[in-house]
Amino acid sequence: DVVLTQTPPTLSATIGQSVSISCRSSQSLLHSNGNTYLNWLLQRPGQPPQLLIYLVSRLESGVPNRFSGSGSGTDFTLKISGVEAEDLGVYYCVQSTHAPWTFGGGTKLELK
Amino acid sequence: QVQLKESGPGLVQPSQTLSLTCTVSGFSLMDYSVHWVRQPPGKGLEWMGRMKYDGDTYYNSALKSRLSISRDTSKSQVFLKMNSLQTEDTAIYYCTRDYFDYWGQGVMVTVSS
Numbered sequence: 831d832v833v834l835t836q837t838p839p840t841l842s843a844t845i846g847q848s849v850s851i852s853c854r855s856s857q858s859l860l861h862s863n864g865n866t867y868l869n870w871l872l873q874r875p876g877q878p879p880q881l882l883i884y885l886v887s888r889l890e891s892g893v894p895n896r897f898s899g900s901g902s903g904t905d906f907t908l909k910i911s912g913v914e915a916e917d918l919g920v921y922y923c924v925q926s927t928h929a930p931w932t933f934g935g936g937t938k939l940e941l942k
Numbered sequence: 338q339v340q341l342k343e344s345g346p347g348l349v350q351p352s353q354t355l356s357l358t359c360t361v362s363g364f365s366l367m368d369y370s371v372h373w374v375r376q377p378p379g380k381g382l383e384w385m386g387r388m389k390y391d392g393d394t395y396y397n398s399a400l401k402s403r404l405s406i407s408r409d410t411s412k413s414q415v416f417l418k419m420n421s422l423q424t425e426d427t428a429i430y431y432c433t434r435d436y437f438d439y440w441g442q443g444v445m446v447t448v449s450s
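Quick note, the sequences are listed as chains A and B, same order.
Using the working numbering, the first residue of the first sequence is number 831, and each one after it goes up by one.
Using the working numbering, the first residue of the second sequence is number 338, and each one after it goes up by one.
Now the structure itself:
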């Protein structure tokens with residue numbers, strides 16, 4: 831199974847600060863069809879997860895453009911350019927390239 | 338609009354069977370796959386299994402011996418059955434569409450006598 835390792839596990843930020851979260855995969859997430867099925871989710875307290883980024887870097891409809899995704903192969907990054915209070919919660923990466931589907935362990939974004 | 342809603346018992350006794358239903362609207366189960374994902378209290382997300390749009394299923398190997406996923410396309414419902422429940426199966430159970438773009442609100446299941 832693909833193992834996704836997220837770092838850091840916890841991130842403290844001030845409002846307006848830019849932060850990055852890393853997601854490293856145990857094997858390449860490049861599918862034979864040329865797509866890389868790596869998504870980023872945000873789970874706010876008491877809520878189900880919501881999709882932020884799909885296919886590494888594509889912004890889901892309605893998601894603010896302060897969120898951006900990058901990477902390829904086995905190394906991926908989610909960047910928030912100017913944290914806002916509504917961004918607090920736990921971020922997960924998830925891969926759909928290889929069955930079984932797997933999630934990263936999560937990164938909790940807190941206010942400093 | 339796209340919606341998923343989980344339903345089922347909130348409390349299950351140890352060794353019993355859990356039965357959950359995911360009712361979807363705004364899309365067809367013959368066009369999109371549906372996954373089941375669970376989250377123990379205070380912990381991360383665990384992928385459990387998938388009902389593919391063509392009726393094929395795929396399970397987490399750690400749960401495969403206890404888990405069954407089925408569907409009724411006429412009712413737009415996907416079903417989860419898991420037997421031999423233990424306290425460590427206490428979790429919020431979610432259903433989510435295809436590439437995790439839409440999620441239900443989840444149902445909290447507690448395994449306790």
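Note that CB positions come from ideal geometry on N, CA and C, so glycine has one too.
{"Item": "When B:Ser402, B:Ala428, B:Ser450 and B:Pro351 are compared against Val374 of chain B, the one with the closest alpha-carbon", "Value": "B:Ala428"}
{"Item": "Exposure label - Asn895 of chain A; buried when at least 16 CB within 10 Å", "Value": "exposed"}
{"Item": "Buried or exposed (CB count within 10 angstroms, at least 16 for buried), Ser925 of chain A", "Value": "Note on identity: in this sequence residue 925 of chain A is Gln, with Ser being the wrong assignment. Its Cβ being crowded by 16 or more others within 10 Å, Gln925 of chain A is buried."}
{"Item": "The region 386-394 of chain B in contact with the region 877-887 of chain A per 3-pair CB rule at 8 Å", "Value": "no"}
{"Item": "9 Å Cβ cutoff, Phe364 of chain B in contact with chain A", "Value": "no"}
{"Item": "Closer than 9 Å to chain B by CB, Asn863 of chain A", "Value": "no"}
{"Item": "Span separating the alpha-carbon of Ser344 of chain B from that of Cys359 of chain B", "Value": "6 Å"}
{"Item": "Closer than 9 Å to chain B by CB, Gly899 of chain A", "Value": "no"}
{"Item": "Test: Arg381 of chain B CB closer than 9 Å to a CB of chain A", "Value": "Reading off the sequence shown, one finds Gly at residue 381 of chain B, where the question assumed Arg. By this cut-off, Gly381 of chain B is an interface position."}
{"Item": "Three CB pairs or more closer than 8 Å across the region 847-854 of chain A and the region 831-839 of chain A", "Value": "yes"}
{"Item": "Spatially closest choice to Tyr867 of chain A from A:Phe933, A:Lys938, A:Leu941 and A:Leu939, by CA coordinates", "Value": "A:Phe933"}
{"Item": "Rounded distance between the beta-carbons of Ser370 of chain B and Ser516 of chain B, thought under 8 Å", "Value": "What is shown of chain B runs 338 to 450, which leaves residue 516 of chain B out entirely."}
{"Item": "Under 8 Å by beta carbon: chain A residues contacting Ser411 of chain B", "Value": "Simply none; closest approach about 26 Å."}
{"Item": "Beta strand (DSSP E) runs contained entirely in the region 365-407 of chain B, provided each spans 3 or more residues", "Value": "371-376, 383-388 and 394-396"}
{"Item": "Where Gly441 of chain B meets chain A, residues with beta-carbon distance less than 9 Å", "Value": "Pro878"}
{"Item": "Straight-line gap, Gly441 of chain B to Val339 of chain B (C-alpha atoms, nearest Å)", "Value": "10 Å"}
{"Item": "Assumed close pair Ala843 of chain A, Lys942 of chain A - CB separation to whole angstroms, cut-off 8 Å", "Value": "6 Å"}
{"Item": "Cβ separation of Ser450 of chain B and Pro351 of chain B, assumed to be a contact under 8 Å, to the nearest whole Å", "Value": "6 Å"}
{"Item": "Residue-level contact to chain A via CB, Arg403 of chain B, 9 Å cutoff", "Value": "no"}
{"Item": "Run of the beta strand (DSSP E) containing Glu343 of chain B, from where it starts to where it stops", "Value": "Gln340 to Ser344"}
{"Item": "Given His372 of chain B as reference, the closest of B:Thr433, B:Ala399, B:Gln423 and B:Ser402 once Cα atoms are compared", "Value": "B:Thr433"}
{"Item": "Straight-line gap, Gly347 of chain B to Val446 of chain B (C-alpha atoms, nearest Å)", "Value": "5 Å"}
{"Item": "Interface partners of Asn397 of chain B on chain A, CB under 8 Å", "Value": "Pro930"}
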